[in-house]
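Sequence positions in the sequence shown follow mature numbering (1 follows the signal peptide of the UniProt record, and there is no 0) and run -18 to -1, 1 to 214.
Where is the CB? At the ideal position from N, CA and C, for every residue including glycine.
Note that the structure is a prediction, hence the values are computed from the model and not measured.
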Amino acid sequence: MRYIVMVILFLFSWNSFSQSEVNGNIKTEIVQEFQLGYALHIPANTKEKKPLIIFLHGSGEKGTDIEKVKVHGPLKYIKNHNLDAYILAPQCPENEEWNNEVLYRLIMKIQKEYNIDPNRIYLTGLSLGGWGTWNLAFAHPTMFAAIVPISGFVDLIQLEEACKIAAVPTRVFHGLMDDVVNPDYAITIYKELKKCNANVELTLFDDAGHDSWSRVYDNQEIYDWMFKQVKK
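Here's what the structure looks like:
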């Protein structure tokens, strides 16, 4: 009788610690919703295809007050000057960074709705927008006829991807007295890009701090240079 009890206890113990394994898979879709405000300047004559300048602002202009995107850059310039081009200035929401996919979809929307020359789309930005300019250019290197990043920082992965934009004319600007974004970022990525891109230039202002963009955007010269660049 004792033997039988021991066998029963053994069987009960083995069943208690036995394990099973199930293999399977799941197919699902996660959808995120993004909202991005923007200001768009439309040229006087829209019958002919016109260039498009995309301007990415810095961290100080985030939010929902769209007037902030007109404080610096091309939209500030056209208050007293004329540019025969569309100018698109999206506004990054608070507590977010520039999102490549959202920006790309916005550009495609604007292209679809307006008479834009697809071979003359220019991308520029300052500070956070300079970083966004590099990111978006690397993500869509065949979209832009030229890029102009100003006072922007650079990620390590951006350095590794520099030659993705080997065919994109590039002008980089930075102030040597910048105590917000180290000018070494501009110097380093310029050296990397110079290895494969013959049409890249770096301008360092020895008397400028973080705001090296005012003298660039407030000068007709940079817009004249952009408009000469045509995507091949």
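Inset, instruction - List the DSSP bridge partners of Y205. - result: Paired residue(s): none; Y205 is not in a bridge.
Inset, instruction - Tell me whether T115 sits in a helix, a strand or coil according to DSSP, three-state version. - result: helix
Legend entry - Option in Y205, L18, E76 and A149 with minimal Cα separation from H63: Y205
Inset, instruction - Starting from the Cα of K52, find the closest Cα among P165, G107, Y86 and F209 and give me that residue. - result: G107
Legend entry - Alpha-carbon to alpha-carbon, V130 and P33: 15 angstroms
Inset, instruction - List the DSSP bridge partners of A128. - result: Y104
Inset, instruction - Below 8 angstroms on the Cβ atoms is my guess for Y172 versus V182; work out the distance and round it to an integer in Å. - result: 7 angstroms
Legend entry - Contact under 7 angstroms by Cβ, A144 with E95: no
Inset, instruction - Could you check how far apart the C-beta atoms of P56 and Y199 are, in whole angstroms? I think they sit under 8 angstroms. - result: 6 angstroms
Inset, instruction - From the DSSP output, read off the bridge partner residues of Q73. - result: G19
Legend entry - Where S133 falls, given that 16 or more other Cβ within 10 Å makes a residue buried: buried
Legend entry - Start and end residues, beta strand (DSSP E) containing L65: Per DSSP, L65 belongs to no beta strand (DSSP E) and is neither H nor E.
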